[in-house]
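Colleague:
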């Protein structure tokens, strides 16, 4: 996805408003673009606060900044700059991260970024895209860069086998009929989710746009049981689902990355397994959830 | 266009009194008043009619708590109605204890949390350069204690390193009333000059010296003016 992003973002430099702001991460990949557009491909060095502050200043002059780094450095380290230098100034930027929750698992805790979407979700009116395949990236990037508002694109080395470019709104990929439990899979966890419910009477819908969440689609599809499968902090979208279904009885299972610092290395696949987000782990959680019968009132 | 009319001190005093409304001002209000006067009287090319002109000069108040003099100057120059000064900070007021650019005409950034203005100023200067606008200057006002925030040093180092490539239009102003808890041995200016900025350290009460310093950039490098005012002022 990173290569696709670099190619797509470079092409968007044809618009004189587009300005890419980097903090060393991916600077080499953008070097050819920087040679052609030295005024609009800016590498500030390893300075994430400045990276976002510069983006805010650029946006104040009418430029459209694309800001890029590792998820924890982009969102967690520079959170106050995101809040104040963008939102509070009333200007927008497109933030694009790599690394996701545990793409570089062997790098350890410092490079794990599972809290990013939850942090962005403390702010208002952001669009968040979590593509599940590299071919979803160009269209999503183009759409948000052509807009005015703030957006966060969360890229990952994890991927589904195929792309669904038009899955901002919930897209049903497996229909178990009216009233069936609804599983909503976000981004690259779709394939694991589909495998997990093989043979179970569960409807599966996919989205790569958790914000704004397709609450109308959710209300149309949801029965009494909803299962969220998100590739970042567990429960990040629980409040949205809860609010959307507040006026009807429902049970919600919110699966995602746990809060615990596992202090283990290994691979992304290992971390998926440890967080119960591989097909076997998801099937176990979903099975227990559906087997549990609510106590009679 | 450059405004050359000096703000009448009596008028300014009356406007400040109107904001103060019997309260006690902190030292920061008076420490920044002279530099604000020189900026708005003699340096900044901005008027109430040009607050959205892309070729205007930008003034970014990074030490956002220094608002009283700022609001008084904005009122004196016609950016905001004088009546707005009454009930400053009240429930219906547009004038908070820190300025909000979405609420106050002529205010370029919302500030308050220290250490945000210089990064925004660097980005503003880079945006103007990308648009080929070489005329407007970007002024960012900070305090010496604000320099404690590490984000400033990210901006100082980067702006100095890029120098000729684009930040020649940037001027930082440090109002130095020796309020940084651990001080700046060797002077605040040295933090800038070691990174390639030009610098002038002047008496923060001397309007002529301030004017010379504020217009003393060489158009090749970013410039800093350290305006020294007495401690505890």
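Residue numbers (my numbering), protein chains in the order written: chain A, 9 to 305; chain B, 6 to 238. Built from N, CA and C at the ideal position, the CB exists for glycine as well.
Helix, strand or coil: how does DSSP classify residue 137 of chain A here?
Modeller: Look at residue 137 of chain A here: in three-state DSSP terms it is strand.
Colleague: Residue 78 of chain A lies in the beta strand (DSSP E); which residues open and close that run?
Modeller: 72–78
Colleague: Measure the alpha-carbon distance for residue 211 of chain B versus residue 47 of chain B and round it to whole angstroms.
Modeller: The straight-line gap from Cα to Cα measures roughly 14 Å.
Colleague: When you compare the CB of residue 218 of chain B with every CB in chain A, is at least one pair closer than 7 Å?
Modeller: no
Colleague: Between residue 83 of chain A and chain B, is any beta-carbon pair separated by less than 7 Å?
Modeller: no
Colleague: Does DSSP classify residue 167 of chain A as helix, strand or coil?
Modeller: Reduced to three states, the DSSP call for residue 167 of chain A is coil.
Colleague: Can you list, in chain order, the residues of its chain whose CB lies under 7 Å from that of residue 384 of chain A, leaving out five sequence neighbours each side?
Modeller: Chain A is shown from 9 up to 305; residue 384 of chain A falls before or after that span and cannot be answered.
Colleague: Chain A partners of residue 222 of chain B, CB-CB under 9 Å?
Modeller: Within chain A, no C-beta atom comes less than 9 Å from the C-beta of residue 222 of chain B; the nearest is roughly 18 Å away.
Colleague: Given residue 95 of chain A, which residues of its chain have a CB within under 6 Å of its CB, disregarding the five upstream and five downstream residues?
Modeller: 131
Colleague: Could you check if residue 98 of chain A is buried or exposed, using at least 16 other CB atoms within 10 Å of its CB as the buried criterion?
Modeller: exposed
Colleague: With residue 231 of chain B as the anchor, note down where its beta strand (DSSP E) starts and where it stops.
Modeller: 228–233
Colleague: Restricting to Cα atoms, I'd like to know which of A:251, A:287 and A:23 is closest to residue 193 of chain A.
Modeller: A:287
Colleague: For residue 12 of chain B, decide whether its Cβ has a neighbour in chain A, counting only Cβ atoms nearer than 7 Å.
Modeller: no
Colleague: With residue 181 of chain B as the anchor, note down where its beta strand (DSSP E) starts and where it stops.
Modeller: 175–181
Colleague: Suppose you measure from the CA of residue 249 of chain A to the CA of residue 275 of chain A; what does that come to, to the nearest Å?
Modeller: Those two C-alpha atoms are separated by around 31 Å.
Colleague: When burial is assigned at 16 or more other CB atoms within 10 Å of the CB, is residue 166 of chain B buried or exposed?
Modeller: That one is exposed.
Colleague: Tell me the rounded alpha-carbon separation between residue 132 of chain B and residue 145 of chain B.
Modeller: 15 Å
Colleague: Between A:183, A:53, A:25 and A:34, which lies nearest to residue 45 of chain A when the distance is taken from Cα to Cα?
Modeller: A:25
Colleague: Say whether chain A places a C-beta atom closer than 7 Å to the C-beta of residue 229 of chain B.
Modeller: no
Colleague: State yes or no: is the beta carbon of residue 95 of chain B nearer than 7 Å to at least one beta carbon in chain A?
Modeller: Under the 7 Å criterion on CB atoms, residue 95 of chain B is classed as non-interfacial with respect to chain A.
Colleague: Determine the contact status of residue 36 of chain B and residue 234 of chain B, defining contact as a CB-CB distance below 7 Å.
Modeller: Cβ atoms of residue 36 of chain B and residue 234 of chain B: closer than 7 Å.
Colleague: In or out: residue 23 of chain B buried (at least 16 other Cβ within 10 Å) or exposed?
Modeller: buried
Colleague: Of all the options A:186, A:113, A:294 and A:222, which has the alpha carbon lying nearest to the alpha carbon of residue 202 of chain A?
Modeller: Nearest option by C-alpha distance: A:294.
Colleague: Entirely within the region 232–292 of chain A and at least 3 residues each: give me those beta strand (DSSP E) ranges in chain order.
Modeller: 233–241 and 259–265
Colleague: Can you give me, in chain order, the residues of the region 69–94 of chain B that have a beta carbon less than 7 Å from any beta carbon in chain A?
Modeller: none
Colleague: What separation, rounded to the nearest whole angstrom, lies between the Cα atoms of residue 196 of chain A and residue 155 of chain A?
Modeller: 25 Å
Colleague: Among A:279, A:141 and A:184, which residue has its Cα nearest to the Cα of residue 167 of chain A?
Modeller: Residue nearest to residue 167 of chain A within the set A:279, A:141 and A:184 is A:141 (criterion: CA-CA distance).
Colleague: To which residues of the same chain is residue 112 of chain B closer than 6 Å at the C-beta, ignoring the five residues directly before and after it?
Modeller: Non-local C-beta neighbours of residue 112 of chain B in its own chain, meaning closer than 6 Å and more than five positions away in sequence, comprise 104 and 106, ordered along the chain.
Colleague: Who are the neighbours of residue 19 of chain B on chain A, taking C-beta pairs under 9 Å?
Modeller: Scanning chain A for C-beta atoms nearer than 9 Å to the C-beta of residue 19 of chain B yields nothing, as the closest lies near 32 Å away.
Colleague: Do the region 53–66 of chain A and the region 147–166 of chain B touch if we need at least three Cβ pairs shorter than 8 Å?
Modeller: yes
Colleague: Leaving out the 5 sequence neighbours to the left and right, which residues in its chain are closer than 6 Å to residue 181 of chain A when beta-carbon positions are compared?
Modeller: 212 and 214
Colleague: If the cut-off is 9 Å on Cβ atoms, which residues from the region 96–113 of chain B count as contacting chain A, listed in chain order?
Modeller: 105, 106, 107 and 113
Colleague: Please tell me whether residue 141 of chain A has its Cβ less than 7 Å away from any Cβ of chain B.
Modeller: no
Colleague: On the criterion of 16 or more Cβ atoms from any shown chain inside 10 Å, does residue 7 of chain B qualify as buried, or is it exposed?
Modeller: Unreliable positioning characterises residue 7 of chain B in this predicted model, as indicated by a pLDDT of 45, which lies under 50. A coordinate reading is not provided.
Colleague: Taking contact to mean at least 3 C-beta pairs separated by less than 8 Å, is the region 122–132 of chain B in contact with the region 47–59 of chain B?
Modeller: no
Colleague: When you compare each of A:70, A:101 and A:127 to residue 80 of chain A by their alpha carbons, which one comes out closest?
Modeller: A:127
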